[in-house]
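First comes the structure, then the notes that go with it.
In our numbering, the protein residues as written are 13 to 202.
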């Protein structure tokens, strides 16, 4: 017979489970917002303009390093699985190996970097600096990959894959910092 009075304690308390569920839901939501924002793409060359970086940067700020990276990994997995979540409603492994693949992989690492910084440094200025660092990482990985895959000099990759996006992405980085600050002031850290 089984003695139920000596059952193992639950792995997580109710409060911890609640926090984990919140993180899972928010990670899924931010992955979904990243996917939805890819559908409004403005094709201007090998890499289209979208609102995705706003949600990538916000994912790191709101969820932290681990869950922000998981959120963007979920986004990539959805695209690889065939759901039309990449820019312009595309999908598949080919998109990860194509000209914009470095930017897509950069989403995961950028969310992790923004989360890492904001977990350690508090204040709106640090939020904005963290989103700028995340944006710089997306650009570094994206333009390097574009240079490699497109067989072009790095200077040309920067001209094609960074310069056209810089003004809008600076606005999106600022918006992501504001969104994160507002989230934290109303909801707190999760």
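Just so it is clear, CB atoms sit at the ideal spot from N, CA and C, and this is done for glycine as well.
Everything numeric in this text was worked out from a predicted model, so none of it was measured.
Item to check | Sequence-distant residues of the same chain with beta carbon closer than 6 Å to residue 53, five excluded per side | outcome: To locate residue 53, count along the chain shown from 1; it is residue 41. Here the set comprises 60, 62, 99, 100.
Checklist entry - Under the three-state reduction of DSSP, which class applies to residue 62: helix, strand or coil? => result Numbered from 1 along the chain shown, position 50 holds the residue referred to as residue 62. Looking at residue 62 - three-state DSSP - the assignment turns out to be coil, as it is neither helix nor strand.
Checklist entry - Can you name, in chain order, every residue of its own chain whose Cβ lies under 6 Å from the Cβ of residue 159, other than the five neighbours on each side? => result On the chain shown, position 147 is the one that residue 159 refers to. Closer than 6 Å at Cβ, skipping near neighbours: 166, 169.
Checklist entry - Helix, strand or coil: which one does DSSP assign to residue 205? => result Outside the displayed span of the chain (13 to 202) sits residue 205, for which this structure offers no information.
Next on the checklist: So for residue 177, helix, strand or coil by DSSP?
Outcome noted: Along the chain shown, read from residue 1 onward, the residue named residue 177 stands at position 165. Residue state, collapsed to three classes: coil.
Checklist entry - Who are the near neighbours of residue 189 in its chain, counting only those whose CB is closer than 8 Å to its CB and skipping five residues on each side? => result Numbered from 1 along the chain shown, position 177 holds the residue referred to as residue 189. So the qualifying residues of the chain are 69, 73, 136, 139, 140, 142, 143.
Next on the checklist: By the DSSP assignment, the alpha helix (DSSP H) with residue 122 in it spans what residues?
Outcome noted: Here residue 122 is taken as the residue at index 110 of the chain shown, counted from 1. DSSP places residue 122 inside the alpha helix (DSSP H), whose first and last residues are 113-132.
Next on the checklist: Here's the rule I'm using: 16 or more other beta-carbon atoms within 10 Å means buried, otherwise exposed. How should residue 231 be labelled?
Outcome noted: The requested residue 231 does not occur in the structure, where the chain is confined to residues 13 to 202.
Checklist entry - Whole-angstrom Cβ separation of residue 125 and residue 75, contact assumed at under 8 Å? => result Position 113 of the chain shown, counting from 1, holds the residue named residue 125. Position 63 of the chain shown, counting from 1, holds the residue named residue 75. Residue 125 to residue 75, Cβ: 13 Å. No contact.
Checklist entry - Which residue's Cα is closest to the Cα of residue 120: 196, 96, 180, 154? => result The residue labelled residue 120 in the question sits at position 108 within the chain shown. For the residues 196, 96, 180, 154, the minimum Cα distance to residue 120 belongs to 154.
Checklist entry - So is residue 132 buried or exposed if we call it buried at 16+ other beta carbons inside 10 Å? => result Along the chain shown, one-based indexing puts residue 132 at 120. Per the 10 Å Cβ criterion, exposed.
Next on the checklist: Considering only their Cβ atoms, is the gap separating residue 77 from residue 128 smaller than 8 Å?
Outcome noted: In the chain shown, the residue the question calls residue 128 occupies position 116. In the chain shown, the residue the question calls residue 77 occupies position 65. Yes, the Cβ-Cβ distance between residue 128 and residue 77 is below 8 Å.
Checklist entry - Candidates 115, 40, 65, 51: which alpha carbon is nearest residue 203's? => result Because the chain in this structure spans residues 13 to 202, residue 203 falls outside the shown range and cannot be described.
Checklist entry - Among residues of its own chain, excluding the 5 on either side of residue 195, which ones have a beta-carbon nearer than 6 Å to its beta-carbon? => result On the chain shown, position 183 is the one that residue 195 refers to. 74, listed in sequence order.
Item to check | Inter-residue spacing [alpha-carbon to alpha-carbon] between residue 115 and residue 198 | outcome: For this step, residue 115 is matched to residue 103 along the chain shown. For this step, residue 198 is matched to residue 186 along the chain shown. Taking C-alpha positions only, residue 115 is separated from residue 198 by approximately 31 Å.
Checklist entry - Taking the alpha-carbon positions, what's the residue 182 to residue 57 distance? => result Position 170 of the chain shown, counting from 1, holds the residue named residue 182. Position 45 of the chain shown, counting from 1, holds the residue named residue 57. Cα-Cα distance, rounded: 20 Å.
Checklist entry - Closest to residue 112 by CA distance: which of 191, 152, 193, 180 is it? => result Counted from its first residue, the chain shown places residue 112 at position 100. Checking every option, the nearest Cα to that of residue 112 belongs to 152.
Item to check | Terminal residues of the alpha helix (DSSP H) in which residue 51 lies | outcome: Counting from 1 along the chain shown, the entry for residue 51 is found at position 39. Run containing residue 51: none; DSSP gives neither H nor E here.
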